[in-house]
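Single-structure report; data block below.
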Amino acid sequence: MCNCHCHPQLQKLGKYISALHCPTRWEIIDCIGDGSKSTKEIYEFLGDRGAKLTSSGLYYHLSALNRAGIIEVSEYRERGGGAPEKVWKLKTKEIVINLLGDPV
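In structure tokens, the structure reads:
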């Protein structure tokens with residue numbers, strides 16, 4: 592995002608553009624769809640589609656989508672003694688741009 596004094600609407604739009612510029616992130620959105628998916632389920636989905644992604648790479652993409660307000664953690668699943676696994680869902684299914692200044 593730029594450091595200029597852009598119109599607030601442009602700044603909001605920029606956060607979405609930044610989060611959605613990568614095809615892997617669109618694959619994550621496709622995977623989650625209308626339901627919810629665990630980090631492991633998303634990782635396996637991407638692997639089945641030929642993605643060469645490390646777990647830290649996946650978290651990088653999930654974090655970017657989360658920061659933009661596109662996905663969110665819906666719950667945590669307990670998995671036998673380890674850290675709970677995050678389960679993700681879409682926070683928004685559409686992005687609307689109001690040219691008269693209402694929030695995006």
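Quick note on the numbering used here: the sequence shown kicks off at 592 and runs consecutively.
Think of the CB as a built atom: it goes at the ideal place given N, C-alpha and C, for glycine as much as any other residue.
Quick check on the DSSP output: the alpha helix (DSSP H) that includes residue 601 runs from which residue to which?
To locate residue 601, count along the sequence shown from 1; it is residue 10. It spans 599–611 - the alpha helix (DSSP H) in which residue 601 sits, taken as one unbroken run.
Between the segment 670–684 and the segment 627–644, do three or more beta carbon pairs fall short of 8 angstroms?
yes
When you compare the CB positions of residue 610 and residue 674, do they come within less than 7 angstroms of one another, or not?
One-based indexing of the sequence shown puts residue 610 at position 19. One-based indexing of the sequence shown puts residue 674 at position 83. Against a cut-off of 7 angstroms, the Cβ pair of residue 674 and residue 610 comes out as no contact.
Are residue 652 and residue 683 touching if we call contact CB-CB under 7 angstroms?
Here the question's residue 652 lines up with position 61 in the sequence shown. Here the question's residue 683 lines up with position 92 in the sequence shown. Contact flag unset, no.
Within 10 Å of its beta-carbon, does residue 667 have 16 or more other beta-carbons around it, so buried, or fewer, so exposed?
Start at 1 with the first residue of the sequence shown, and residue 667 comes out as number 76. Answer is exposed; the Cβ neighbour count stays below 16.
Taking only three categories from DSSP, how would you classify residue 628?
The count along the sequence shown starts at 1 and reaches residue 628 at position 37. Reduced to three states, the DSSP call for residue 628 is strand.
What are the partner residues of residue 668, as DSSP defines its beta bridges?
Locating residue 668 in the sequence shown gives position 77, where the first residue counts as 1. 676.
Quick check: what's the CA-CA separation for residue 646 versus residue 634?
The sequence position of residue 646 within the sequence shown is 55, counting from 1. The sequence position of residue 634 within the sequence shown is 43, counting from 1. Approximately 7 angstroms, taken between the alpha carbons.
What residue range is occupied by the uninterrupted alpha helix (DSSP H) comprising residue 645?
For the purposes of this step, residue 645 is taken as residue 54 along the sequence shown, with counting starting at 1. Here residue 645 belongs to no alpha helix (DSSP H), and DSSP marks it neither H nor E.
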